[in-house]
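Notes for the one structure printed next.
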Amino acid sequence: MKKLWQKLIKPSSKLSILALVLIGIGITLAGTFVVHKGFEVTSTIEFCTSCHTMEQNYEEYKESVHFKNASGVQAVCTDCHQPKDFPGKVFRKLEAAKDLYHHFVTGKIDTPEKFEENRLEMAQAVWARMSGQQSKTCKSCHSYDDMDHSKQSAKAAMEMKKAAAENMNCIECHKGIAHELPNMAGGFQKDFETLQATANSQGATAEKLYSLGEKDLYATADASGKAEGKLLPASEVTVLERKDDMVKVQIDGWLEKAGKGRVMTEYMGKRVFKATIRGDVKATEQVIEEKTDSATDIVWQHVSVQAWVTSADLIDNIQPIWNYAEGMYASTCNACHAAPDPAHFTANGWISGLNAMSAYYRLSKTEERTLLKYLQNHGKDTGGAGAH
Numbered sequence: 001m002k003k004l005w006q007k008l009i010k011p012s013s014k015l016s017i018l019a020l021v022l023i024g025i026g027i028t029l030a031g032t033f034v035v036h037k038g039f040e041v042t043s044t045i046e047f048c049t050s051c052h053t054m055e056q057n058y059e060e061y062k063e064s065v066h067f068k069n070a071s072g073v074q075a076v077c078t079d080c081h082q083p084k085d086f087p088g089k090v091f092r093k094l095e096a097a098k099d100l101y102h103h104f105v106t107g108k109i110d111t112p113e114k115f116e117e118n119r120l121e122m123a124q125a126v127w128a129r130m131s132g133q134q135s136k137t138c139k140s141c142h143s144y145d146d147m148d149h150s151k152q153s154a155k156a157a158m159e160m161k162k163a164a165a166e167n168m169n170c171i172e173c174h175k176g177i178a179h180e181l182p183n184m185a186g187g188f189q190k191d192f193e194t195l196q197a198t199a200n201s202q203g204a205t206a207e208k209l210y211s212l213g214e215k216d217l218y219a220t221a222d223a224s225g226k227a228e229g230k231l232l233p234a235s236e237v238t239v240l241e242r243k244d245d246m247v248k249v250q251i252d253g254w255l256e257k258a259g260k261g262r263v264m265t266e267y268m269g270k271r272v273f274k275a276t277i278r279g280d281v282k283a284t285e286q287v288i289e290e291k292t293d294s295a296t297d298i299v300w301q302h303v304s305v306q307a308w309v310t311s312a313d314l315i316d317n318i319q320p321i322w323n324y325a326e327g328m329y330a331s332t333c334n335a336c337h338a339a340p341d342p343a344h345f346t347a348n349g350w351i352s353g354l355n356a357m358s359a360y361y362r363l364s365k366t367e368e369r370t371l372l373k374y375l376q377n378h379g380k381d382t383g384g385a386g387a388h
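Those letters in the sequence shown? Residues 1 to 388, per full-length UniProt numbering, in order.
Structure (structure tokens):
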């Protein structure tokens, strides 16, 4: 302790304590200047777009209101991507080093084609970061409290008032505000491939199975024969028999008694479609019970039919299908705005709700039917999000 104390009071035999303090102050000031200047230089548009992989992003940004607008106030890259507080700024600079790593070392994003291929992954990382920071970079310029709703359109004012009441993150509704949205299908389409691999590795050996997509129904164990209906996505069947790569199943559902009896639904009175049946498959129909819907006075029959399907794309648990559909919902409907909770609409209400948005997303017919089935089975009148 004595030696330590002596070093503290007389750290050098050549320099006085005052000289050492002045040297320390000089180093500190020089370091502060270097850090400040470094942040200043690396926070310019010129620096941010100096890599050729940022050129496309820059061109997209130049078309946005953040680059050119009536007020002449420009938000540059760091205004959105770099927090204003010093710890947040330092952490963001360290995070950004991985972009340089992938550009110069791994080559993951060193060409426009590779950048586009990985755009979804990078965009999701940015959205997650902004969400985790409560969109504080956005709110450093845009304040709910300072908004004059009378100067907004009626639609914008309504949405912003709701957002302010919930203190929503800006990024929940404004993902495409400065850059083109990535191909949102990439993530959930990969999820579906994984789902298929899982289902086919199981070999349809369970007694209860669920369809990943649409499947033809046959009256006999011959997939080359005439199809007598379709099993729709995310529908439960009970296995009765197996033969080679074919499975004989029982399908339970509801039919409107006064109708043609070709469309089976999951529930009485709700248009949650399970299968279409005709010909020899419909001929196997057995009535389990008959009920009248008190809301409409329509008579419904609970029936079962038997049919053969191929064993491919049948999984033993519905939850992985719902997880996939939930990812699809987040990728498509949440891409532009905060999508409502599935329990916001009734099962029948979701048909018109999703149809109204069909012009804004690109899904195959099977993907759309799977998404609708997920929303309907988690709707207001089917038990909500926790029911299935």
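Where is the CB? At the ideal position from N, CA and C, for every residue including glycine.
Going straight from the alpha carbon of residue i to that of residue j, what length do you get?
i	j	result
residue 95	residue 196	35 Å
residue 286	residue 318	25 Å
residue 30	residue 21	14 Å
residue 267	residue 253	7 Å
residue 66	residue 134	20 Å
residue 294	residue 320	34 Å
residue 144	residue 162	10 Å
residue 369	residue 178	32 Å
residue 386	residue 212	Residue confidence is low: residue 386 scores 47 on pLDDT, short of 50, so the model does not pin down where it sits. Its coordinate-derived value is still stated next. C-alpha separation (whole angstroms): 21 Å.
residue 142	residue 26	40 Å
residue 35	residue 87	13 Å
residue 217	residue 306	9 Å
residue 341	residue 105	42 Å
residue 54	residue 219	58 Å
residue 251	residue 315	15 Å
residue 371	residue 377	10 Å
residue 388	residue 332	For residue 388, the predicted model reports a pLDDT of 47, less than 50, meaning its position is unreliable and no value from the coordinates is stated.
residue 198	residue 120	24 Å
residue 49	residue 114	17 Å
With a 10 Å radius around its C-beta and 16 neighbouring C-beta atoms as the bar for buried, classify residue i as buried or exposed.
i	result
residue 364	exposed
residue 247	buried
residue 182	buried
residue 357	exposed
residue 374	buried
residue 210	buried
residue 382	buried
residue 158	exposed
residue 283	exposed
residue 109	buried
residue 188	buried
residue 97	exposed
residue 345	buried
residue 265	buried
residue 37	exposed
residue 324	buried
Going by DSSP in three states, residue i sits in which element: helix, strand or coil?
i	result
residue 172	helix
residue 147	coil
residue 106	helix
residue 459	With the chain represented from 1 up to 388, any question about residue 459 goes unanswered, as that position is not in the structure.
residue 302	strand
residue 281	helix
residue 128	helix
residue 177	coil
residue 388	In this prediction, residue 388 has a pLDDT of 47, which is less than 50 and means its spatial position is unreliable; what the coordinates show is noted afterwards. Coil at residue 388, not helix or strand.
residue 158	helix
residue 275	strand
residue 246	strand
residue 264	strand
residue 270	strand
residue 24	helix
residue 217	strand
residue 380	coil
residue 227	strand
(message) I want to know whether the segment 149-167 touches the segment 196-208 - three or more CB-CB distances under 8 Å.
(response) no
(request) Would you check if the segment 303-313 and the segment 218-236 touch, i.e. whether three or more CB-CB distances between them fall below 8 Å? (result) yes
(message) Three Cβ pairs or more, each shorter than 8 Å: is that satisfied between the segment 124-139 and the segment 77-91?
(response) yes
(message) Count Cβ pairs between the segment 287-303 and the segment 257-277 that sit closer than 8 Å; are there 3 or more?
(response) yes
(message) In chain order, what are the residue ranges of uninterrupted alpha helix (DSSP H) at least 4 long that sit wholly in the segment 306-368?
(response) Qualifying alpha helix (DSSP H) stretches, in chain order: 319-332 and 349-356.
(message) List, from N- to C-terminal side, the alpha helix (DSSP H) runs of 4 residues or more that fit wholly inside the segment 29-113.
(response) 45-48, 55-62, 77-81 and 86-101
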